[in-house]
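Please read the structure below before turning to the comments.
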Amino acid sequence: MCAAPPPPLHAINRGLGTEGLGCVLAGLWGSGNGTNTFGENVGAIGVTKVGSRRVVQWAAGLMIVQG
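Put into structure tokens, the structure is as follows:
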């Protein structure tokens with residue numbers, strides 16, 4: 001979508017493992033809302049063609065400053 005190469009298999013496995021660890025910790029701590037992975041970000045990248053982390057960091061900073 002954003003002309004980036006596909007992620008290597010070890011990166012996908014690491015992401016799935018981290019997601020699983022987060023779910024386990026949420027269950028151990030008694031989190032009532034659980035955890036969720038958002039797929040909307042993939043759609044946003046498809047529409048804007050912007051996949052840079054730096055752009056997202058700047059946008060987040062601007063939102064924090066604006067309140």
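Using UniProt numbering, the first residue of the sequence shown is number 1, and each one after it goes up by one.
The beta carbon of each residue, even a glycine, is placed where N, CA and C say it ideally should be.
Local conformation of residue i per DSSP, three classes
{"i": "Thr37", "result": "coil"}
{"i": "Ala3", "result": "coil"}
{"i": "Gly30", "result": "coil"}
{"i": "Val50", "result": "coil"}
Boundaries (first-last residue) of the alpha helix (DSSP H) holding residue i
{"i": "Trp58", "result": "Arg53 to Gln66"}
Cβ-Cβ distance between residue i and residue j below 8 Å
{"i": "Ala26", "j": "Thr35", "result": "yes"}
{"i": "Ile45", "j": "Gly39", "result": "no"}
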